[in-house]
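**Q**
Numbering (the numbering used here), first residue to last: 30 to 228.
(1) Considering only residues of the same chain and omitting the five flanking positions on each side of residue 72, which have a CB-CB separation below 8 Å?
(2) Can you tell me the Cα-Cα spacing of residue 69 and residue 174, whole angstroms?
(3) Express the C-alpha separation of residue 142 and residue 36 in angstroms, rounding to a whole number.
(4) Just the Cα atoms here: how many angstroms apart are residue 60 and residue 182?
(5) Quick one: what does DSSP say residue 134 is sitting in, helix, strand or coil?
(6) Quick one, are the C-beta atoms of residue 193 and residue 178 less than 7 Å apart?
(7) What span of residues does the alpha helix (DSSP H) with residue 32 cover, start to end?
(8) Just the Cα atoms here: how many angstroms apart are residue 225 and residue 119?
(9) Beta carbon of residue 145, beta carbon of residue 57: below 7 Å?
(10) Within 10 angstroms of its Cβ, does residue 140 collect 16 or more other Cβ (buried), or is it exposed?
(11) Identify whether residue 127 lies in helix, strand or coil by the three-state DSSP scheme.
(12) Starting from the C-beta of residue 108, find all residues in its chain whose C-beta is less than 8 Å away, skip the five residues before and the five after it, and write them out in chain order.
(13) Flag this pair as yes or no: are the beta carbons of residue 206 and residue 180 separated by less than 7 Å?
(14) Rounded to a whole number of angstroms, what is the C-alpha to C-alpha distance between residue 45 and residue 190?
(15) Using a Cβ-Cβ cutoff of less than 6 Å, which residues in the same chain neighbour residue 42 once the five nearest sequence positions on both sides are dropped?
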């Protein structure tokens, strides 16, 4: 995919926060032997605290393109939200398919706007569950009074850490490809999700 433009606006949410919603435009080269194409996208903000497998990207059909005689193929999604993954799948004459690279709308939002929509800086977070999380110098410091199943991943869906923490841990975030990381953990019977700005 190339020439990707995310023409978004920031809107207010009912809880007083901000979200980005806008129009996505892109071009993608049509491979030889392609019969039709499908533009696919995920749900926005996959970090769902009610879903322990929320770091798994599930794509849904956005639009089918039957006329793909011209290359590159131009694709427009009139309304797409922040934190949404997208790709294009080409079905070939032999019944197989090829997919483009996967992108995320957050990659096309300015750093200033990302700081507004994901306002949780590297500040200490103390939760009622007696789990303490703090980001310092690209390390996540974790302290807990119970065993904690912890997942950390960046906004491109790359898992940086997935393990059980017993009492405390220090996890490097230096391999993150995004300036925001998502920390998700299961404490007793509840799943909690928090975003941190690390760079």
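Beta carbons: idealized from backbone N, C-alpha and C, even for Gly. Fair warning: this is a prediction, and the values are worked out from it, not measured in the lab.
**A** On the basis of the supplied data:
(1) Working through the chain shown from its first residue, we reach residue 72 at position 43. Closer than 8 Å at the Cβ level, and outside the excluded window around residue 72, lie 87, 89, 113.
(2) The residue given as residue 69 occupies position 40 in the chain shown. The residue given as residue 174 occupies position 145 in the chain shown. Put simply, the backbone Cα of residue 69 is about 42 Å away from that of residue 174.
(3) Counting from 1 along the chain shown, the entry for residue 36 is found at position 7. Counting from 1 along the chain shown, the entry for residue 142 is found at position 113. Between residue 36 and residue 142, the C-alpha separation is close to 13 Å.
(4) Your numbering for residue 60 matches position 31 in the chain shown. Your numbering for residue 182 matches position 153 in the chain shown. Rounded to the nearest angstrom, the two C-alpha atoms are 32 Å apart.
(5) As a position in the chain shown, residue 134 is number 105, starting the count at 1. Per DSSP, reduced to three states, the secondary structure at residue 134 is helical.
(6) Within the chain shown, the letter at position 164 stands for residue 193. Within the chain shown, the letter at position 149 stands for residue 178. Yes, these two residues count as a Cβ contact at 7 Å.
(7) Taking the chain shown and counting its residues from 1, one reaches residue 32 at position 3. No alpha helix (DSSP H) contains residue 32, which is instead part of the beta strand (DSSP E) from 31-41.
(8) As a working mapping, residue 225 is identified with position 196 in the chain shown. As a working mapping, residue 119 is identified with position 90 in the chain shown. C-alpha separation (whole angstroms): 36 Å.
(9) Start at 1 with the first residue of the chain shown, and residue 145 comes out as number 116. Start at 1 with the first residue of the chain shown, and residue 57 comes out as number 28. Contact annotation: residue 145 and residue 57 have beta-carbon atoms that are not nearer than 7 Å.
(10) By 1-based counting over the chain shown, the position of residue 140 is 111. Under this definition residue 140 is an exposed residue.
(11) Locating residue 127 in the chain shown gives position 98, counting from the first residue. Correct three-state label for residue 127: strand.
(12) On the chain shown, residue 108 is found 79 positions in, with the first residue counted as 1. Once the five neighbours on either side are set aside, the close Cβ partners of residue 108 are 50, 51, 52.
(13) Locating residue 206 in the chain shown gives position 177, counting from the first residue. Locating residue 180 in the chain shown gives position 151, counting from the first residue. At least 7 Å separates the beta-carbon of residue 206 from that of residue 180.
(14) On the chain shown, residue 45 is found 16 positions in, with the first residue counted as 1. On the chain shown, residue 190 is found 161 positions in, with the first residue counted as 1. Per the coordinates, the alpha-carbon of residue 45 lies some 31 Å from the alpha-carbon of residue 190.
(15) Sequence index remark: in the chain shown, residue 42 carries index 13 (1-based). The answer, listed in chain order, is 48.
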